[in-house]
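Per the working numbering, residue 49 is the first one in the sequence shown, and the count goes up by one each step. Here is the structure we will look at.
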Amino acid sequence: MLADLVVPIALAEQSKQFAHELRQYKDGRDDIRRRLYIGLTAVLAEFLRLHERCLAVAAGVEVFERVTYVPSTRSRQPHPLVRMLDEAILQTKSRFVQVLEPRKGTSADRVVVADRFSVRQDVAGLSILLVDDVWTTGSRMQSASVALKNAGAAKVVGLVLGRWFDDDYPPARAYLRNAKAEPFDWGRCCLGRSGLGRC
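Here it is as structure tokens:
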């Protein structure tokens with residue numbers, strides 16, 4: 049019932065700029081939030097323009113019939129991803145639906161909880177692109193995926209702006225060292241490099 053696939057756009061090392069921006073675009077001062085929102089919207093829009101097809105191919109679907117997001121389990125409303133996906137990014141605007149709602153009283157622990165979210169729309173048989181800003185443990189993304197699959201979604205593919213890494217954690221340091229050996233390239237996503245997608 050977990051996501052069929054989860055893809056990060058970029059790595060977010062705790063002590064580096066991108067991780068700072070992912071925190072501040074929701075929690076910073078108004079002027080900082082506005083500036084970072086514009087930049088992160090451009091990143092998401094460009095990735096989708098270049099690689100949404102890669103995600104679909106890897107999931108075995110023609111297109112994603114719905115696009116939604118993982119709502120915050122803390123009461124920060126509205127989530128910036130709603131504006132990005134529903135208003136700013138033309139590629140997702142017509143397919144965006146606010147499908148998920150956090151259930152009150154569910155644990156916010158970093159584990160997958162099947163009933164963390166309720167599904168407010170009919171998703172039976174649909175392929176869904178599920179977007180979140182940060183993946184740390186993956187518990188919120190995977191809890192959302194479980195809820196969507198339990199409601200009948202045929203495919204759920206997760207896309208995150210940043211895969212969070214604590215750069216003081218030894219296994220993370222080794223992974224980051226290997227990942228940095230290949231420079232970021234807009235033209236090739238991780239699916240294209242792995243052969244699962246089509247860049």
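Think of the CB as a built atom: it goes at the ideal place given N, C-alpha and C, for glycine as much as any other residue. Predicted, not measured: the structure shown is a model, and the values here were computed from it.
What residue range is occupied by the uninterrupted beta strand (DSSP E) comprising P119?
Along the sequence shown, read from residue 1 onward, the residue named residue 119 stands at position 71. Unbroken run through P119: none, as it is neither H nor E.
V171 and A199: beta carbons closer than 8 Å?
For the purposes of this step, residue 171 is identified with residue 123 of the sequence shown, where counting begins at 1. For the purposes of this step, residue 199 is identified with residue 151 of the sequence shown, where counting begins at 1. Yes, they are a contact pair.
Identify the residues that DSSP records as bridge partners of F213: which are they?
Indexing the sequence shown from 1 puts residue 213 at position 165. Bridge partners of F213: E61.
Just the C-alpha distance for L103 and I80, rounded to the nearest angstrom, thanks.
Stepping through the sequence shown from its first residue, residue 103 is reached at position 55. Stepping through the sequence shown from its first residue, residue 80 is reached at position 32. Whole-angstrom Cα-Cα distance: 31 Å.
If the criterion is Cβ atoms closer than 8 Å, does the pair E61 and F213 meet it?
Here residue 61 corresponds to residue number 13 of the sequence shown, with the count starting at 1. Here residue 213 corresponds to residue number 165 of the sequence shown, with the count starting at 1. Cβ distance < 8 Å, so E61 and F213 count as in contact.
Jot down the residue ranges of each uninterrupted alpha helix (DSSP H) in the stretch 144 to 203, minimum 4 residues, whole runs only, in chain order.
187 to 198
Is there contact between the stretch 125 to 132 and the stretch 99 to 115, where contact requires at least three CB pairs shorter than 8 Å?
With the cut-off at 8 Å, the stretch 125 to 132 and the stretch 99 to 115 do not touch.
Looking at G206 and V54, is the spacing between their C-beta atoms short of 8 Å?
As a first step, residue 54 must be located in the sequence shown, where it is residue number 6. As a first step, residue 206 must be located in the sequence shown, where it is residue number 158. Yes; because the gap between Cβ atoms is below 8 Å, this pair is in contact.
L88, DSSP secondary structure in three states:
Residue 88 sits at position 40 when you count from the first residue of the sequence shown. Residue state, collapsed to three classes: helix.
CA-to-CA distance, S155 to L178, given in whole angstroms:
Against the sequence shown, residue 178 aligns to sequence position 130. Against the sequence shown, residue 155 aligns to sequence position 107. The straight-line gap from Cα to Cα measures roughly 21 Å.
Buried or exposed by the 16-neighbour rule on C-beta atoms within 10 Å, applied to P119
To locate residue 119, count along the sequence shown from 1; it is residue 71. Classification of P119: buried, given that the 10 Å Cβ count is 16 or more.
Evaluate Y85 with the Cβ neighbour count: other Cβ atoms within 10 Å of its Cβ, from every protein chain shown; 16 or more gives buried, anything less gives exposed.
As a first step, residue 85 is located in the sequence shown; it is residue number 37 there, counting from the start. Per the 10 Å Cβ criterion, buried.
Host alpha helix (DSSP H) of R225 (start-end):
The count along the sequence shown starts at 1 and reaches residue 225 at position 177. 218 to 227 is the span of the alpha helix (DSSP H), which, as asked, contains R225.
According to DSSP, is P126 part of a helix, a strand, or is it coil?
In the sequence shown, residue 126 corresponds to position 78, counting from 1. Looking at P126 - three-state DSSP - the assignment turns out to be coil, as it is neither helix nor strand.
Proximity test, V204 beta-carbon vs the ligand GTP heavy atom, cut-off 7 Å
Judged by which ligands are present, the structure shown has none, so any question about the ligand GTP falls away.
Measuring CB to CB, does V115 end up less than 8 Å from V160?
Counting from 1 along the sequence shown, the entry for residue 115 is found at position 67. Counting from 1 along the sequence shown, the entry for residue 160 is found at position 112. No, Cβ-Cβ distance for V115 and V160 is not below 8 Å.
Go through its chain and collect everything with a Cβ distance to V167's Cβ below 7 Å, but skip five positions before and after it.
Here the question's residue 167 lines up with position 119 in the sequence shown. Take V167, set aside five residues on each side of it, and the residues of its chain with a beta-carbon closer than 7 Å to its own are V147, L148, A195, L196, A199, in chain order.
Along the chain, where does the alpha helix (DSSP H) that runs through L138 open and close?
Taking the sequence shown and counting its residues from 1, the one referred to as residue 138 is at position 90. Secondary structure note for L138: its alpha helix (DSSP H) is the uninterrupted segment 138 to 141.
Tell me, which residues are paired with V109 by DSSP?
If you number the sequence shown from 1, residue 109 lands on position 61. Beta-bridge pairing links V109 to no other residue.
Take A162 and list the residues in its own chain whose beta-carbon comes closer than 6 Å to its own, dropping the five residues that flank it on each side.
Looking up residue 162 in the sequence shown gives position 114. Same-chain partners within the cutoff: V194.
Per DSSP, cross-strand counterpart(s) of P56:
Taking the sequence shown and counting its residues from 1, one reaches residue 56 at position 8. V208.
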